[in-house]
Every structure is written in structure tokens, then in C-alpha cells.
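Take 75 as the starting number for the sequence shown in this note's numbering and just add one per residue. Beta carbons are placed, not taken as given, at the ideal position from N, Cα and C, and that holds for glycine. Please read all numbers here as calculations on a predicted model, not as lab measurements. Worksheet: the structure to be examined is printed underneath.
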Amino acid sequence: MKTTPHLFAQRLSKALLALSIGLFGLMVASGNLLDYDSNWQFVRHVLSMDTMQPWFHGDALRSRAIHSEAIQRLAYAAIIAGELAVGLLCAAGGAMLLLALRPTAGIWLPRGKACFTLGATLAILVWHTGFAVIGGEYFAMWANQFNGQFSAYAFTGIALLALIYVNQPESSAD
């Protein structure tokens with residue numbers, strides 16, 4: 075199949091988008107590792123529910139708080155591991171999509187899309203399920219002084235849109 079400029083541009087766009095999301099996951103994970111304490115404080119306070127806004131009086135919800143530092147650190151480690159996996163999978167998918175730009179590299183397109191799909195799905199699970207659902211609703215992060223819901227929803231939306239776009243069939247029409 076002849077690669078048209080339009081087809082090349084679509085594939086390059088998808089590869090760069092996948093690489094960008096991979097870079098984000100790697101930067102977030104490395105930031106959490108290099109400056110462990112900053113985001114540790116965020117996770118610790120959300121899970122322990124000890125920094126709720128003064129107007130919050132949800133004693134029934136406060137019963138969900140986790141005060142065990144060991145469990146809190148395990149949750150933080152799981153978050154970092156998820157972010158790192160997102161970064162690695164999406165970056166690898168993007169690299170494979172770059173390899174698919176060559177006319178003879180047919181195996182790289184489906185492999186790159188598959189790898190990126192796993193990474194982007196994991197991104198949605200980390201930021202939507204982890205931060206928006208569990209942090210935001212179960213631990214009432216919306217009422218906490220440490221509230222990362224807006225950022226979680228923003229990145230979830232970007233990951234979801236990228237997932238849809240990257241998995242669309244390419245059109246060779248100019």
C-alpha cells in the first residue's frame with residue numbers, strides 16, 4: 075500500500091500523541107519518586123481524611139478513612155506503579171507507531187495500537203477509577219483541602235480521546 079501524505083500525517087499524529095501521553099505518565103511517576111514526600115502528603119491526607127474543609131461534617135463518610143501508614147504507602151506505591159506502567163506502555167506504543175511510518179513495517183501499526191490501548195486504558199483506570207472514583211467519591215476528596223479531581227478528570231478526558239483517535243482506522247484519501 076502506497077503511503078500518501080495524508081496517511082503519513084495521520085500515523086505521525088497518532089504516534090506523537092501516544093508518545094506525549096507516555097511522557098506524561100513517566101514524568102508523573104518520576105516526579106513522585108524524585109520528590110516522594112510532596113505527593114505522599116497528598117495521598118496520606120486524602121486517605122486519612124484529616125484535612126477536610128471546615129464546612130464538611132460527613133461523619134459517616136469519615137468512617138472510611140485509612141489511618142494505617144503501611145496501607146497508605148502501599149496505595150501510593152500502587153499509584154506510582156500504575157503511572158509508570160502508563161508511561162512505559164504508551165511510550166512503547168508510540169515508538170511502535172513511529173516504526174509503522176515506514177512502508178514495509180506493517181506489523182508495527184497493530185502492535186503499537188495494542189500497546190497504546192493497554193496504556194491508555196490503564197491511564198483511565200489510574201486517574202478516573204483511582205483519583206476520581208476512589209479518591210474523589212469514596213474518600214470525599216471533593217471536600218478535602220487536597221483535591222486533585224479536576225486534574226484527574228482532565229487527564230482522563232485526554233487519555234480517552236487519544237484512545238478513541240489512535241484506534242480509528244487511517245484513511246489514505248487526500
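With a threshold of 8 Å on Cβ separation, who are the neighbours of residue i within its own chain once the five nearest residues in sequence on each side are excluded?
| i | result |
| --- | --- |
| HIS141 | SER122 |
| SER245 | HIS80, LEU81 and GLN84 |
| HIS119 | THR125, ASN218, GLN219 and PHE220 |
| LEU199 | GLY156 |
| PHE229 | PHE98, ALA197 and TRP201 |
Mapping the DSSP letters down to three states, classify residue i as helix, strand or coil.
| i | result |
| --- | --- |
| ASN221 | coil |
| MET101 | helix |
| ILE198 | helix |
| ASN106 | helix |
| GLU157 | helix |
| GLY180 | coil |
| SER112 | helix |
| GLU254 | Nothing in the structure corresponds to residue 254, since the chain is present only between 75 and 248. |
| THR203 | helix |
| LEU163 | helix |
| PHE213 | coil |
| LEU175 | coil |
| THR230 | helix |
Is it buried or exposed for residue i, if we count other Cβ within 10 angstroms and need 16 for buried?
| i | result |
| --- | --- |
| PHE224 | exposed |
| ILE145 | exposed |
| THR178 | exposed |
| LEU172 | buried |
| HIS202 | buried |
| MET170 | buried |
| GLY209 | buried |
| GLY180 | exposed |
| VAL102 | buried |
| ILE154 | buried |
| ALA152 | exposed |
| LEU108 | exposed |
| ALA206 | buried |
| LEU148 | exposed |
Only counting the same chain, and skipping five residues up and downstream in sequence, which positions put a Cβ closer than 6 Å to that of residue i?
| i | result |
| --- | --- |
| PHE116 | PHE220 |
| ALA197 | VAL160 and ALA233 |
| ALA217 | MET126, GLN127 and PHE130 |
| LYS88 | LEU171 and VAL240 |
| GLY113 | The question names Gly, but residue 113 is Asn in the sequence shown. Cβ neighbours of ASN113 beyond the five flanking positions: ASN106. |
| LEU183 | ALA174 |
Please look up how many angstroms separate the CB atoms of residue i and residue j, rounded, as I've assumed it's under 8 Å.
| i | j | result |
| --- | --- | --- |
| GLY96 | GLY193 | 7 Å |
| GLY167 | ALA226 | About 22 Å; that fails the 8 Å criterion. |
| GLY99 | CYS164 | 6 Å |
| GLY204 | MET215 | Going by Cβ atoms, the distance from GLY204 to MET215 rounds to 11 Å, so no, they are not a contact pair. |
Using a Cβ-Cβ cut-off of 7 Å (strictly less than) and excluding sequence neighbours within five positions of residue i, which residues of its own chain qualify?
| i | result |
| --- | --- |
| PHE213 | VAL120, LEU121, MET123 and ARG138 |
| THR77 | PRO177 |
Quiz prompt | Minimum length 4: unbroken alpha helix (DSSP H) runs contained in the segment 115–141 | solution = Counting only runs of 4 or more, we get 133–136.
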